[in-house]
Amino acid sequence: MKNIHFIINPKAGSGNNILDIDFLRPFFHATDYSLCVKYSKFKKQAITLTNNSIKEGAQTIVACGGDGTINEIASCLVGTNIKLGIIPIGSGNGLASHLMIPQVIKNAIEIIKNEDVLTIDVGRINEQYFFSNTGLGFDAHVIKNYEALKKRTIIGYIKASFKSFNEYKRERDVKISIDRNHVILNPFLVFVSNSNELGFNISLTPKASLMDGKLDVLIVPELSKLKMLLFGALMLIRKSHWLKEIKTYQTKNLQIHRSGGLFLDSQIDGEFHLVEDKIISISVLEKSLGILAPKNIEPQL
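Take the sequence shown: its letter number 74 is residue 201 in the working numbering, and every next letter is one higher.
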């Protein structure tokens, strides 16, 4: 008997998803599967629900939501033998897109039942994990404004970007150290990615891999207003690398030092966070999480 727990964010995406025990049961015969369905009704509740599922002997825990829901659940599973399943019902679904997990729920369920496990790298920003990406600077301001919108769509993301553009001003002095060889001061944006997509088919790091033991880093220096707009336009068509000022790196770790202020704005897997630490360490944990995904989506490195 396989013990599978589903943790559902009912507010994910449009908030009109059809997932419940009655929908799921026909896909999982009672003679073979023990099912448990839980609902995450507020931010970070999925962490408590996941830890309870671990105590209850779940062998697979399925995150039903977007990247933020996945982050809460997967963070509890790093370094364990419990498999993570994904049913992407969020707005952006960046990690699921990289993993080629379809948004058609029935097809995502088939991947869970096939039980093909991909062991992926995990990013860490100080004591928090990220699975898709993290960012500081302009990226974090966009997420902050995006979260304030009632509807989370690509149009909403563009509106949040324009609002952030109009409001933008550098508030902190920041120094980035990458592998101790490269030092960058006061960038417009720092984006660190484990996967190749943010969501909505937008990518700043199209060559990023979940299995290469490295993080892909994109740093945009301070730009003129015109070039900020150009960067935004190029990002939407996956051509941000055309802007010559942009620098890209691959690394296992980097440090960010800030001076002044009580905190630094950041985003972790598409959720806004305030970072209080003066020194921010970002690193990668190689092959630390087992995810149910289609076979051969990435070469075994």
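C-beta atoms are modelled at their ideal positions from N, C-alpha and C, and glycine is treated no differently.
query	result
Residue-level contact to chain C via CB, Q186, 9 Å cutoff	The structure shown contains no chain C; it is built from a single protein chain.
Rounded separation between K352 and N144 - CA only	40 Å
DSSP bridge partner residues for K286 (one or two, in chain order)	Bridge partners of K286: none, in fact.
Collapsed DSSP secondary structure at K129 in the structure displayed	strand
Within 9 Å, strictly: CB atoms of Q382 and A267	no
For K165, the three-state DSSP class (helix, strand or coil)	strand
Residues near L363 in its chain [Cβ-Cβ closer than 8 Å; skip 5 each side]	I285 and I329
Length of the line joining the Cα atoms of L204 and V301	32 Å
Integer Cβ distance of N323 from D248, believed to fall under 8 Å	No, N323 and D248 are not in contact; Cβ-Cβ is about 13 Å, not under 8 Å.
L243 versus L162, K210 and I346, residue with shortest Cα-Cα distance	The residue asked about is misnamed: residue 243 is Asp in this sequence, not Leu. Of L162, K210 and I346, the residue nearest in Cα terms is K210.
Beta-carbon proximity list for I281, same chain, < 6 Å, skipping 5 on both sides	F327
Within the segment 241 to 328, ranges of the beta strand (DSSP E) (whole runs, at least 3 residues)	244 to 252, 255 to 257, 260 to 264, 300 to 305, 309 to 312 and 316 to 320
Three CB pairs or more closer than 8 Å across the segment 185 to 204 and the segment 158 to 176	yes
Span of the beta strand (DSSP E) around L399	The amino acid at residue 399 is misidentified as Leu; the sequence shows Phe. Unbroken beta strand (DSSP E) run through F399: E398 to V402.
Segments assigned beta strand (DSSP E), at least 3 residues, entirely inside the segment 319 to 388	342 to 347, 374 to 378 and 380 to 386
Cα-Cα separation, P314 to L345	10 Å
Coil, strand or helix - K149 by DSSP	Correcting the residue type first, residue 149 is Asp in the shown sequence and not Lys. In this structure, D149 counts as helix in the three-state DSSP scheme.
Of the listed residues P137, A157, F289 and T261, nearest to L356 (C-alpha basis)	F289
CB-CB length for L263 against V317, believed under 8 Å	5 Å
Exposure of G219, with buried meaning 16 or more beta-carbon neighbours within 10 Å	buried
Cβ-Cβ distance between T214 and A235 below 9 Å	Note that residue 214 is Ile in the sequence shown here, rather than Thr. Cβ distance < 9 Å, so I214 and A235 count as in contact.
Straight-line Cα distance separating D194 from F155	25 Å
Beta-carbon proximity list for F390, same chain, < 8 Å, skipping 5 on both sides	L401, V402 and E403
Among E398, M128 and Y166, nearest to R279 - alpha-carbon criterion	E398
Endpoints, the beta strand (DSSP E) within which S408 is located	I406 to L419
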